[in-house]
Amino acid sequence: MKYKSYLKDIIIGILFALSIVLFVVMYVNSREVTSENKIYVKYEPSNFVVHEEYTNDFVSAVDIARKSVVEINAFLNNATSAGSGVIYAVDDSVTYIITNFHVIESASSFRVILYDGTIIDDVQLVGGDEKEDIAILLVKGTNYEVATIRQVNETNPIRLGETVFAIGNPLGKLGGSVTKGIISCLNREIKVENQIMRLMQTDVAINSGNSGGGLFDINGNLIGIVNAKVSATGVEGIAFAISIDNATRVATELIENHKHNSDLVVTSVGYVKGRVELGFTASYTALMSGF
3 MKYKSYLKDI IIGILFALSI VLFVVMYVNS REVTSENKIY VKYEPSNFVV HEEYTNDFVS
63 AVDIARKSVV EINAFLNNAT SAGSGVIYAV DDSVTYIITN FHVIESASSF RVILYDGTII
123 DDVQLVGGDE KEDIAILLVK GTNYEVATIR QVNETNPIRL GETVFAIGNP LGKLGGSVTK
183 GIISCLNREI KVENQIMRLM QTDVAINSGN SGGGLFDING NLIGIVNAKV SATGVEGIAF
243 AISIDNATRV ATELIENHKH NSDLVVTSVG YVKGRVELGF TASYTALMSG F
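Take the sequence shown: its letters are residues 3 to 293, numbered as in the numbering used here.
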């Protein structure tokens, strides 16, 4: 009887030992062992993306648009004001920059700073329209990054809630800043500097110095020129831009109605038909006398 009890214990012990050996063999075989006897565990989560292969449509759109946005400094006597602008078009040997009328109003000279820091001091006024708050500047040469303008029509309208972003020079010191938001209203009637205007409303963060900068769609196409924001205690996220179709209409007239000579010096400023001839107030006449 005692012999059978010992035999039973021996069999149980052997089975237990075999199970341990089997476990160790299975565990080792499940690991990847190198020649240096190092064990590596390969982690491949389903959403992991290698950095070199990473793409982002918004980042690409910003990279496209940012090269067309410039900083603008406007000088009058010892005073300097700052704003933004967008490289709008090229024609023969000159390039046109669109901005706001209020950015360049009454100034006697201008400076343009490109996205890469290049400074251009040979900048001339082509014309401006106070009512629509649009102005055009001219720089010599055509080797600049021109904005891609969205063709807005019935089949390609700007939509409420559409994602947009602004690039500009907030505070006159932070050129190339990008802020993102949506279109909050397509055609808001507001009063800006005693002018009744119909503008696109957006919640994109806008600050002093952004005026004249671009509002772009998610593909990097120019859809508006930033020109105003509501600044009041308790108010946030209410800014406005001139729609690109209105801006283009005014810009086209200013460019077509100005004159420059063979030396690319502006001899007569442009204007919008139906406004006072030369488009604006006596400050522009005084400015032109300095050319």
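Even for Gly, the Cβ is constructed at its ideal location relative to N, Cα and C.
The Cβ-Cβ distance between residue 204 and residue 186 falls below 8 Å. Boundaries of the alpha helix (DSSP H) harbouring residue 252: 246–258, taken from the DSSP string. Secondary structure of residue 59 (DSSP, three-state): helix. According to the DSSP assignment, residue 148 belongs to no beta strand (DSSP E), since it is labelled neither H nor E. Distances from the CA of residue 141 to each of 241, 84, 96 were compared; the closest alpha carbon is that of 96. Under DSSP, the beta-bridge partners assigned to residue 203 are 187, 242.
Annotation for residue 105: the continuous alpha helix (DSSP H) segment containing it runs 103–106. Note that the C-beta distance between residue 177 and residue 87 is not below 8 Å. Straight across, the Cα-Cα distance linking residue 200 with residue 80 is about 35 Å. A straight line joining the alpha-carbon of residue 171 with that of residue 67 spans about 14 Å. DSSP places residue 86 inside the beta strand (DSSP E), whose first and last residues are 81–93.
DSSP places residue 65 within a helical segment (H, G or I) once states are collapsed to three. For residue 113, the enclosing beta strand (DSSP E) starts and ends at 111–115.
Per the Cβ contact rule, the stretch 94–111 is in contact with the stretch 144–154 (3 or more Cβ pairs under 8 Å).
Annotation for residue 208: 168, 228, 231, 241 place their beta carbon closer than 7 Å to its own, counting only its chain and skipping 5 residues before and after. Just measuring C-alpha positions, the residue of 132, 114, 63 sitting nearest residue 275 is 132. Put simply, the backbone Cα of residue 194 is about 24 Å away from that of residue 219.
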